[in-house]
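Working notes, structure below.
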Amino acid sequence: MNEAAPSGPGAKLWLTLAVRLTLFALIFLLPAGTWRWPEAWGVISLWAGFAIGSTVFLARHDPELLAERAKASPTQEGQKAWDKVVMLGMFAAGIGLYVVPGLDVQRFGWSQPFPAPVEIAAMLLHLPGFALMHWVTRENTFLSRVVKIDEERGHAVITTGPYAVVRHPMYAGIILLVLALPTALGSRFALIPAAALIVLFILRTSLEDRTLQGELQGYPEYAEQTPYRLVPGIW
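For the sequence shown, this note's numbering assigns the number 65 to the initial residue and increments by one for each residue that follows.
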């Protein structure tokens, strides 16, 4: 991790984050047709808290990674062509994951909500997901939103922290969130885009791992030492 002199995020970064979080809230609430949806506000608050906390942490400890993670474009220079296609599918599934719950639970009532204890447990499942993602950002300064070998920043294999357990811990954390969100919002129909998104993350994990084994020095040896991609003991 690159240590930098402590400093706060600039005004432009805070404005960008505020716009993104506002859009994130609206994509849940507009399809629902109501602002009075406590479960949605719970999810929005959890995501906003993580985004703000992560931004402050990275601004102080790894501003280069913050700049990399702040890139909004789904396509970047050096990105693998196949990743652009996978990212398009993930974008579509992600929109479905955010839009369907409001239509299902609030506007049309397509499905019966889950029991309250189940929804609460799903809401709490966000916490280990966010904790794992934060741990990843502490360990991996080369973390990018797209699949590429970042030679300009001296891309190297990370073997510490969660990377000593699985090779793609960020995806494992995101998948936890994707599993938790539909149930926390009480939407059975949102499990459909959630399943599609998880399948795409598994596909991306496989393709990215193949790319790293072929192009990143030291990765084949790391893969032998850490045999599991996402779930210890399974895959």
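For each residue, glycine too, the CB sits at the ideal point set by N, CA and C.
Residue state for Y292 is assigned as coil, using DSSP reduced to three classes. Our two residues, L87 and Q176, have alpha carbons roughly 27 angstroms apart in a direct line. Distance from the CA atom of T247 to the CA atom of V149, rounded to whole angstroms, is 28 angstroms. Counting along the chain, A96 sits inside the alpha helix (DSSP H) bounded by residues A75 to A96. Following the DSSP letters along the chain, one finds K135 in no alpha helix (DSSP H), marked with neither H nor E. Excluding residues up to 5 positions away in sequence, F194 lie with their Cβ nearer than 7 angstroms to the Cβ of F114 in the same chain. Counting the other Cβ atoms within 10 Å of the Cβ of P233 gives 16 or more, which makes it buried. Put simply, of I213, R252 and P257 the residue whose alpha carbon is nearest the alpha carbon of P179 is R252. Of the residues L79, G74, V242 and L276, the one whose Cα lies closest to the Cα of L161 is V242. The three-state reading of DSSP puts A254 in coil, since its state is none of H, G, I, E or B. As summarised for the segment 215-277, the continuous alpha helix (DSSP H) elements at least 4 residues long and confined to that stretch are 233-248, given in chain order. Just measuring C-alpha positions, the residue of V164, V229 and G250 sitting nearest P181 is G250.
By the neighbour-count definition (other C-beta atoms within 10 Å, threshold 16), G74 is an exposed residue. Of the residues S109, A134 and E288, the one whose Cα lies closest to the Cα of K76 is A134. CA-CA distance, P291 to A220, rounds to 18 angstroms. When the Cα atoms are used, F121 and L167 turn out to be separated by approximately 35 angstroms.
If one requires a minimum length of 4 residues, the alpha helix (DSSP H) runs lying completely within the segment 148-219 are 180-203, in chain order.
Annotated three-state conformation of R100 is coil, per DSSP. In the three-state DSSP reduction, L110 falls in the helix class (H, G or I).
Here H190 is not near A157, since their CB atoms are 8 angstroms or more apart. The three-state reading of DSSP puts E128 in helix, counting H, G and I together.
If you draw a 10 Å sphere on the C-beta of G237, you find 16 or more other C-beta atoms in it, and that means buried. For Q140, same chain residues with a beta-carbon under 7 angstroms away, outside a window of 5 residues either side, are V210 and K212 in chain order. Counting every other CB atom within 10 Å of its CB across the protein chains shown gives Q289 a total below 16, marking it as exposed.
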